[in-house]
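Residue numbers (the UniProt record's numbering): 1 to 159. We put the beta carbon where it would ideally sit given N, CA and C, even for glycine.
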Amino acid sequence: MADPWMVTPGERTKHDEQFKTLRPVAGFITGDQAKGFFLQSRLPPQVLGIIWALSDVDGDGKMDLHEFSIACKLINLKLRGFNLPPTLPPSLKQSACVGAGGAPAPVVPVVPVVPVAPVPAAPVPVAPIPAAPVHVAPVPAAPVPASVPPMDEIEKEEV
Ligand SMILES: [Ca+2]
Numbered sequence: 001m002a003d004p005w006m007v008t009p010g011e012r013t014k015h016d017e018q019f020k021t022l023r024p025v026a027g028f029i030t031g032d033q034a035k036g037f038f039l040q041s042r043l044p045p046q047v048l049g050i051i052w053a054l055s056d057v058d059g060d061g062k063m064d065l066h067e068f069s070i071a072c073k074l075i076n077l078k079l080r081g082f083n084l085p086p087t088l089p090p091s092l093k094q095s096a097c098v099g100a101g102g103a104p105a106p107v108v109p110v111v112p113v114v115p116v117a118p119v120p121a122a123p124v125p126v127a128p129i130p131a132a133p134v135h136v137a138p139v140p141a142a143p144v145p146a147s148v149p150p151m152d153e154i155e156k157e158e159v
């Protein structure tokens, strides 16, 4: 018999979709976001509190996709009549941390808040642009004198 605590690829796909509908920020949903979703299960709040405590593996008060998947699985099992385990079954933790299809889920990097380098406040002195117009040498308008006389004149002279 299959381990009931294992998150199946099909369940995982569902968890992925549900997680996205909660609009995670930087790969996390907050306790409030999760709470609203978990309450839809109609489980008693104290049960949901236990589920939260079990599934927030790193205890940071937020849920990434893996933790969310664990919570969904626990809710599901509880609704089916399972008793919540005192600690997270390794098979549940392991299966929840694997993406659908068995490939490791990509880790969403948490973008650290990089302090912005202070911009020097002193204004950069701008070199004054000379207002004097640049003298443009006038282009001579006189036509270039043709050095070759017209052909008909040449013919006349030779005749
Ligand atoms: Ca967490």
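- For the options A34, A141, S91, A127, the alpha carbon positioned closest to that of A2 is the one of S91.
- DSSP links I29 through a beta bridge to M63.
- The three-state secondary structure of V126, taken from DSSP, is coil.
- For G10, the enclosing alpha helix (DSSP H) begins and ends at 9-21.
- Of all alpha-carbon atoms in H15, I70, D56, G81, the one lying nearest the alpha-carbon of G31 is that of D56.
- By the Cβ test, the region 4-17 is not in contact with the region 39-46, since fewer than three Cβ pairs between them sit closer than 8 angstroms.
- When the five nearest sequence neighbours on each side are left out, the beta carbons in the same chain lying within less than 6 angstroms of the beta carbon of A71 are those of I51, S55, in order along the chain.
- Here K62 is buried. Its C-beta has 16 or more other C-beta atoms within 10 Å.
- Closest option to T21, judged by alpha-carbon separation, among C97, L65, G10: L65.
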